[in-house]
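Participant:
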Amino acid sequence: MDPSRKRTIRLTVALTAALLLATALIYVSFTAGRDEYTASELLKNAKPGGQYILAGTVLDGSVHQQGRMLRFAIRDPSKHVAVTVSYSGIVPDPFAQGRAVLLNVADVNGRFVGQGNSLTTKCPSKYVAASGAYS
Amino acid sequence: MGQLGRAILLLGLCVAVYGIGASIYGARSGRRDWVVSGRRAMYSLSGLMIVAFVLLEIAFVRNNFAFKVVAQSSATTIPTFYKMAAPWSSQQGSLLLWVTLLSLWSSIVLYITRKRMREIAPWATATLLGFATFFLSLAAFAANPFDTFSAAQTPAQGNGLDPLLMHPSMIIHPPMLYTGYTLMAIPFSFALGALITGKLGSEWIRDTRRFALAAWLALGIGIILGARWSYTELGWGGYWGWDAVENAALMPWLMITAFIHSIQIQEKRGMLKVWNVSLVLLSGVLTVFGTFLVRSGFLDSIHAFGASTLGIPFLGLLALMLVGTVSLIIYRRESLRSDDQIDSLLSREAMFLFQNLVLVALVFVIFWITLFPKISQLISGTQISVGPPAFTPFVVPLALLLVLLTAIGPMISWRRATLANLRSNFVGPVSFGLIVLILVLILTDAGRKPLAVAMFVLGAFVIAGVVQELYRGTAARRAITKDAWPAALVALVRRNRRRYGGYLVHVGVAVLLIGIAASSSFQHSRNVWLRPGQSISLDGYIFHYVRPTETATSERISLGSIIDVTQNGRHVVTLNTYRSMYPSTNPSDGVIGRFFDSSNADSTIGLDAGPFQDIWSVVNSSNLTPVAKDITKGNALFAAEYNQILKKTAHDSNAAFNRVVAESHFYEYRDLAVNGIASKYVQHPWPVQFLFIVDPLVSWLWFGAIIMAFGGFVALWPMPFAARRRELALYRARVARDLA
Numbered sequence: 001m002d003p004s005r006k007r008t009i010r011l012t013v014a015l016t017a018a019l020l021l022a023t024a025l026i027y028v029s030f031t032a033g034r035d036e037y038t039a040s041e042l043l044k045n046a047k048p049g050g051q052y053i054l055a056g057t058v059l060d061g062s063v064h065q066q067g068r069m070l071r072f073a074i075r076d077p078s079k080h081v082a083v084t085v086s087y088s089g090i091v092p093d094p095f096a097q098g099r100a101v102l103l104n105v106a107d108v109n110g111r112f113v114g115q116g117n118s119l120t121t122k123c124p125s126k127y128v129a130a131s132g133a134y135s
Numbered sequence: 136m137g138q139l140g141r142a143i144l145l146l147g148l149c150v151a152v153y154g155i156g157a158s159i160y161g162a163r164s165g166r167r168d169w170v171v172s173g174r175r176a177m178y179s180l181s182g183l184m185i186v187a188f189v190l191l192e193i194a195f196v197r198n199n200f201a202f203k204v205v206a207q208s209s210a211t212t213i214p215t216f217y218k219m220a221a222p223w224s225s226q227q228g229s230l231l232l233w234v235t236l237l238s239l240w241s242s243i244v245l246y247i248t249r250k251r252m253r254e255i256a257p258w259a260t261a262t263l264l265g266f267a268t269f270f271l272s273l274a275a276f277a278a279n280p281f282d283t284f285s286a287a288q289t290p291a292q293g294n295g296l297d298p299l300l301m302h303p304s305m306i307i308h309p310p311m312l313y314t315g316y317t318l319m320a321i322p323f324s325f326a327l328g329a330l331i332t333g334k335l336g337s338e339w340i341r342d343t344r345r346f347a348l349a350a351w352l353a354l355g356i357g358i359i360l361g362a363r364w365s366y367t368e369l370g371w372g373g374y375w376g377w378d379a380v381e382n383a384a385l386m387p388w389l390m391i392t393a394f395i396h397s398i399q400i401q402e403k404r405g406m407l408k409v410w411n412v413s414l415v416l417l418s419g420v421l422t423v424f425g426t427f428l429v430r431s432g433f434l435d436s437i438h439a440f441g442a443s444t445l446g447i448p449f450l451g452l453l454a455l456m457l458v459g460t461v462s463l464i465i466y467r468r469e470s471l472r473s474d475d476q477i478d479s480l481l482s483r484e485a486m487f488l489f490q491n492l493v494l495v496a497l498v499f500v501i502f503w504i505t506l507f508p509k510i511s512q513l514i515s516g517t518q519i520s521v522g523p524p525a526f527t528p529f530v531v532p533l534a535l536l537l538v539l540l541t542a543i544g545p546m547i548s549w550r551r552a553t554l555a556n557l558r559s560n561f562v563g564p565v566s567f568g569l570i571v572l573i574l575v576l577i578l579t580d581a582g583r584k585p586l587a588v589a590m591f592v593l594g595a596f597v598i599a600g601v602v603q604e605l606y607r608g609t610a611a612r613r614a615i616t617k618d619a620w621p622a623a624l625v626a627l628v629r630r631n632r633r634r635y636g637g638y639l640v641h642v643g644v645a646v647l648l649i650g651i652a653a654s655s656s657f658q659h660s661r662n663v664w665l666r667p668g669q670s671i672s673l674d675g676y677i678f679h680y681v682r683p684t685e686t687a688t689s690e691r692i693s694l695g696s697i698i699d700v701t702q703n704g705r706h707v708v709t710l711n712t713y714r715s716m717y718p719s720t721n722p723s724d725g726v727i728g729r730f731f732d733s734s735n736a737d738s739t740i741g742l743d744a745g746p747f748q749d750i751w752s753v754v755n756s757s758n759l760t761p762v763a764k765d766i767t768k769g770n771a772l773f774a775a776e777y778n779q780i781l782k783k784t785a786h787d788s789n790a791a792f793n794r795v796v797a798e799s800h801f802y803e804y805r806d807l808a809v810n811g812i813a814s815k816y817v818q819h820p821w822p823v824q825f826l827f828i829v830d831p832l833v834s835w836l837w838f839g840a841i842i843m844a845f846g847g848f849v850a851l852w853p854m855p856f857a858a859r860r861r862e863l864a865l866y867r868a869r870v871a872r873d874l875a
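Sequences listed follow chains L and P, in order.
Heads up: the first sequence begins at 1 in my numbering, then just goes up one per residue.
Heads up: the second sequence begins at 136 in my numbering, then just goes up one per residue.
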């Protein structure tokens, strides 16, 4: 086969593969992704029975264990708005007040309930000064 | 000492700027003395940075809280080895570590190449000093590790280090990542030098290949240590979460992996020049991009690492690097044309190229999904959260393809494979892979996860291929030398460390990916609340909560559990897991409450790691509701008591002495009260939450990583000069024979 034709075929195959990959990537990104709400957006958009991803920072002084339920408020980092949530799943070690978290919540008659073991927290491996000292 | 540190930073900055000027002037004018002076500027910078870093370490070890960074991330009660590791838990300290490592590696490479690459080296020196200037400017003006408090403001005690960071992995993990990132700057700088001068042969690759390999090794070790820390410290039982910071390290590692493979084609056949230059430049850009992600707070969800003002300078550097490198590649496109072409798709060159394409596709996928929340926000105004489900559909098939190519690459001939070559090299490993497939399907129920089974089979294919290569090489050597098998094997590897080190890395990759496939596909876990005496079953095991445990020291209160694990009535292991709470400094927590701060805590897992499965457990004993009333009551009582002490000693003639005595009694009673409350966890135990996991082949992941690291060291270790020349001659003869 003519070498230039061979090159053209290879280039076409490579570009088609790249295009297919890119299309699939964009499609999966949109379908696998879920809207992430801040506290203020959640309060504005939530409907009873709806499920959402709530992102923000844990409000200082809001963390209380009540029996098997952990209650805390997630604050909108850019506004003075917070949403109180109840959660009974696994609490990762880095969870602490003031730390950024992500939680899947369901609107149960106006109350927000954390789902499963969906609480994830910001990785603490960089630039985290401890809130406590050892005096 | 703070002033001395600041002065060293400023002096270092001047030296770096001078070195850039001297190197560029020397390169343009052909004046060797200026080039040498530029190189010596790097040596001087390296010395200055080592002194600066030692000063910072001394400040940490001596608890010098006049340094803001020491007060922010250390305390007197932290063990010395964690104090020594504390500098890189802060933005300021890590920037200084970055420049120190960069100048150190740069000095080594410039010393090694001082008599070679005379045209490229000055430009590489200028580029390396450019990076040093950038990071040094940040350390000197934006995040100075030598900022100090005035004497009046100096605190008596520091904030301490996050308990989660007090883990052996965290002593080595960040320096290994920084070592990898800074070593990555070396091939980047020499590639840039080669582009500027038009000297685009294999010389720059030959002299910097070892540094690329060292970067790959250090970054790989750093990534694995991070995964190990996550698995044993963060209390969620996972080792990889597709977090932006994990991806930030993985992307340049994948890119440099592609580079390490594809440079072999340029060295052997003069092909893929533009590809190699692009790969190494992209590795450098991705390194800075990763640093930008980590430090800028650009991704403001859970992946943000603390918003700072450093984002803009990093964006500027990224833009400069991208525009500069792309322009140079376009400018030199004629010189970057290949000397040869791929003759057949059934050849080692083609396999290396496919493997490169898969690696680059992986990087692209990870890059896109990591940035997707931000991209979606730009397009639709709404931030979209993407997690592992978005990565899996792409990463798993690409990883399978990669392992397949890893198996084929070393066994297929250069230029064009013949049927005889394929038969001779592939029948054994393919048969072994098929045997593994049959055994897995017959002996286990893994058939329900076909992708995991595919990984097992392909992993076996890789391992069998490497074993076959080693066997043949050793047998050939024995035929000549009549050595014993072990001696012949060691001699074989020593004679071509690069090749056989690479094969060992392939085995490590196969073992590691088998571990990942098994542990992610066949994990069983349960999240339950148990009282002492209660049990649950999980994957054929019975987890029995035997009794609670409690330890109270001045540093922490640990509440834990003893778990007995049995299988079919037979005792398997006893696990001890506990959660430790560290005293807070928040006055609103109260005199007693500050010792029960469940948000300033970490978990110690109970782990039984075995070759075939891990039994993992963690207790969440931070539910303090049953003692909440005692804590509140204690807070009130002790606050009142302390006020009494203040009142009584206020009008006393011997006030200071009496207050010390009274406070000493006060603290004694406080400690008794704290111990009393903590001991209720054992005396009147309440239900606590557990996470139990039974996970197969997790150990294979760590073992595979150790094999990879060992293989990397073997490949990196320099051969003796005579052996290197002999091997090179033999290798050239072999390639010539193959090509003929």
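Where a beta carbon is used, it is the ideal one built from N, C-alpha and C, also for glycine.
Tell me the DSSP bridge mates of L694/P?
Facilitator: As a first step, residue 694/P is located in the second sequence; it is residue number 559 there, counting from the start. E685/P and R714/P, per the DSSP bridge assignment.
Participant: At the level of alpha carbons, what is the spacing between D876/P and K768/P?
Facilitator: This structure gives no information on residue 876/P, because the portion of chain P shown stretches from 136 to 875.
Participant: For A320/P, which option in V423/P, V429/P and I358/P has the closest C-alpha, if you only look at C-alpha atoms?
Facilitator: In the second sequence, counting from the first residue as 1, residue 320/P sits at position 185. Cα-wise, what sits closest to A320/P is V423/P.
Participant: By how many angstroms is the C-alpha of D2/L removed from the C-alpha of T12/L?
Facilitator: Taking the first sequence and counting its residues from 1, the one referred to as residue 12/L is at position 12. Taking the first sequence and counting its residues from 1, the one referred to as residue 2/L is at position 2. So the alpha carbons of these two residues sit roughly 15 angstroms apart.
Participant: Could you name the residues of the same chain whose beta carbon sits closer than 6 angstroms to that of K584/P, not counting the 5 residues immediately before and after it, in chain order?
Facilitator: By one-based count along the second sequence, residue 584/P stands at place 449. Once the five neighbours on either side are set aside, the close Cβ partners of K584/P are S656.
Participant: Among V412/P, E402/P, G372/P and L352/P, which one has its Cα closest to the Cα of A384/P?
Facilitator: Counting from 1 along the second sequence, the entry for residue 384/P is found at position 249. Minimum Cα distance to A384/P is reached at L352/P.
Participant: When the cut-off is 9 angstroms and only beta carbons count, does F596/P lie next to chain L?
Facilitator: If you number the second sequence from 1, residue 596/P lands on position 461. Taking Cβ atoms only, chain L never reaches closer than 9 angstroms to F596/P, which makes this a no.
Participant: Return helix, strand or coil for I477/P, following the three-state DSSP convention.
Facilitator: The sequence position of residue 477/P within the second sequence is 342, counting from 1. Coil, per DSSP.
Participant: Give me the residue from G847/P, L407/P, D342/P and L144/P with the minimum Cα distance to A277/P.
Facilitator: Stepping through the second sequence from its first residue, residue 277/P is reached at position 142. Selected option, being the one with the closest Cα: L144/P.
Participant: Whole angstroms is fine: what's the gap from A439/P's alpha carbon to A555/P's?
Facilitator: The residue labelled residue 439/P in the question sits at position 304 within the second sequence. The residue labelled residue 555/P in the question sits at position 420 within the second sequence. Legend: pLDDT at A439/P = 43, less than 50; position of this residue unreliable, no value from coordinates given.
Participant: Contact criterion: CB-CB distance below 9 angstroms. Does D876/P meet it with respect to chain L?
Facilitator: Residue numbering for chain P in the displayed model covers 136 to 875; residue 876/P lies beyond these limits and cannot be assessed.
Participant: Using a 10 Å radius around the Cβ and a threshold of 16 neighbouring Cβ atoms, would you call N789/P buried or exposed?
Facilitator: On the second sequence, position 654 is the one that residue 789/P refers to. Result: exposed.
Participant: Examine chain L for any beta-carbon lying closer than 9 angstroms to the beta-carbon of Q824/P, and answer yes or no.
Facilitator: By 1-based counting over the second sequence, the position of residue 824/P is 689. Chain L, which has a Cβ nearer than 9 angstroms to the Cβ of Q824/P, makes this yes.
Participant: Run the CB neighbour count on V108/L, radius 10 Å, all protein chains shown included, and call it buried at 16 or more, exposed below.
Facilitator: If you number the first sequence from 1, residue 108/L lands on position 108. Per the 10 Å Cβ criterion, exposed.
Participant: Please classify H396/P as buried or exposed, where buried requires at least 16 neighbouring CB atoms within 10 angstroms.
Facilitator: Here residue 396/P is taken as the residue at index 261 of the second sequence, counted from 1. Buried, by the Cβ-count rule.
Participant: For S172/P, tell me which candidate among L673/P, L183/P, L245/P and T215/P has the shortest Cα-Cα distance.
Facilitator: The sequence position of residue 172/P within the second sequence is 37, counting from 1. The residue with the shortest Cα to Cα distance from S172/P is L245/P.
Participant: Tell me, please, whether the CB atom of F112/L is closer than 9 angstroms to any CB atom in chain P?
Facilitator: In the first sequence, the residue the question calls residue 112/L occupies position 112. No, because no Cβ of chain P sits closer than 9 angstroms to the Cβ of F112/L.
Participant: Report buried or exposed for D830/P, applying the criterion of at least 16 other Cβ atoms within 10 angstroms of its Cβ.
Facilitator: Along the second sequence, read from residue 1 onward, the residue named residue 830/P stands at position 695. Buried is the call here.
Participant: By the 10 Å Cβ neighbour count, where 16 or more other Cβ atoms means buried, how is L694/P classified, buried or exposed?
Facilitator: Within the second sequence, residue 694/P is the residue found at index 559, counting from 1. By the neighbour-count rule (16 or more Cβ atoms within 10 Å), L694/P is buried.
Participant: Distance cutoff 9 angstroms, beta carbons only. Does I504/P sit that close to anything in chain L?
Facilitator: Within the second sequence, residue 504/P is the residue found at index 369, counting from 1. With 9 angstroms as the cut-off, I504/P counts as an interface residue toward chain L.
Participant: What does DSSP give as the partner residue(s) for H64/L in the beta ladder?
Facilitator: Indexing the first sequence from 1 puts residue 64/L at position 64. Answer by DSSP bridge pairing, in chain order: R71/L.
Participant: Kindly list, in the order they appear in chain L, the residues whose Cβ is closer than 8 angstroms to that of N789/P.
Facilitator: In the second sequence, residue 789/P corresponds to position 654, counting from 1. In chain order: nothing, as chain L lies at least about 26 angstroms away.
Participant: For K79/L, count neighbouring Cβ atoms within 10 angstroms of its own Cβ and tell me buried if that reaches 16, exposed if not.
Facilitator: As a position in the first sequence, residue 79/L is number 79, starting the count at 1. The residue in question, K79/L, is exposed, as its Cβ has fewer than 16 Cβ neighbours within 10 Å.
Participant: M386/P to S752/P, Cα distance in whole Å?
Facilitator: Looking up residue 386/P in the second sequence gives position 251. Looking up residue 752/P in the second sequence gives position 617. Computed Cα separation, rounded: 32 angstroms.
Participant: When the distance is taken between beta carbons, is S418/P closer than 9 angstroms to F323/P?
Facilitator: In the second sequence, counting from the first residue as 1, residue 323/P sits at position 188. In the second sequence, counting from the first residue as 1, residue 418/P sits at position 283. In contact: F323/P and S418/P (Cβ atoms closer than 9 angstroms).
Participant: Does I598/P come out as helix, strand or coil in the three-state DSSP assignment?
Facilitator: Here residue 598/P refers to the residue found at position 463 of the second sequence. The answer is helix: DSSP assigns I598/P an H, G or I state.
Participant: As an exercise, report each continuous alpha helix (DSSP H) stretch of at least 4 residues that is fully enclosed by the region 290-350 of chain P, in chain order.
Facilitator: Those alpha helix (DSSP H) runs which fall completely within the region 290-350 of chain P and span 4+ residues are 303-332.
Participant: Is there a C-beta anywhere in chain P that falls below 9 angstroms from the one on G33/L?
Facilitator: Residue 33/L sits at position 33 when you count from the first residue of the first sequence. At least one chain P Cβ lies under 9 angstroms of G33/L.
Participant: Under 8 angstroms Cβ-Cβ, which residues of chain L neighbour T760/P?
Facilitator: Within the second sequence, the letter at position 625 stands for residue 760/P. Result: Q65, Q66 and G67.
Participant: How many angstroms separate the CA atom of R166/P from the CA atom of I185/P?
Facilitator: Locating residue 166/P in the second sequence gives position 31, where the first residue counts as 1. Locating residue 185/P in the second sequence gives position 50, where the first residue counts as 1. Roughly 30 angstroms separates the two Cα atoms.
Participant: Is it the case that the region 540-556 of chain P contacts the region 641-649 of chain P, given that we only count it when at least three CB pairs across the two stretches are under 8 angstroms?
Facilitator: They touch, by the three-pair rule.
Participant: For Y473/P, collect the residues of the same chain with a Cβ closer than 7 angstroms to its Cβ; drop the 5 residues on either side in sequence, then sort them by chain order.
Facilitator: Taking the second sequence and counting its residues from 1, one reaches residue 473/P at position 338. First, the amino acid is wrong: residue 473/P is Ser here, not Tyr. Taken in chain order, the residues that qualify are G405, M406, L407 and K408.
Participant: Beta-carbon within less than 6 angstroms of A17/L's beta-carbon, same chain only, minus the 5 sequence neighbours each way: which residues are those?
Facilitator: For the purposes of this step, residue 17/L is taken as the residue at position 17 of the first sequence. Excluding sequence neighbours, A17/L sits near nothing in its chain.
Participant: Which residue comes first and which comes last in the alpha helix (DSSP H) that contains A790/P?
Facilitator: Locating residue 790/P in the second sequence gives position 655, counting from the first residue. Unbroken alpha helix (DSSP H) run through A790/P: A790 to Q818.
Participant: Within the chosen definition, does the region 249-265 of chain P reach the region 287-302 of chain P through at least 3 CB pairs nearer than 8 angstroms?
Facilitator: No: the two stretches stay apart, fewer than three of their Cβ pairs being nearer than 8 angstroms.
Participant: Grab me the residues of G333/P's own chain with a C-beta within less than 8 angstroms of its C-beta, minus the 5 sequence neighbours each way, in chain order.
Facilitator: Position 198 of the second sequence holds residue 333/P. Counting only Cβ-Cβ distances below 8 angstroms, and skipping sequence neighbours, we find R467 and S470.
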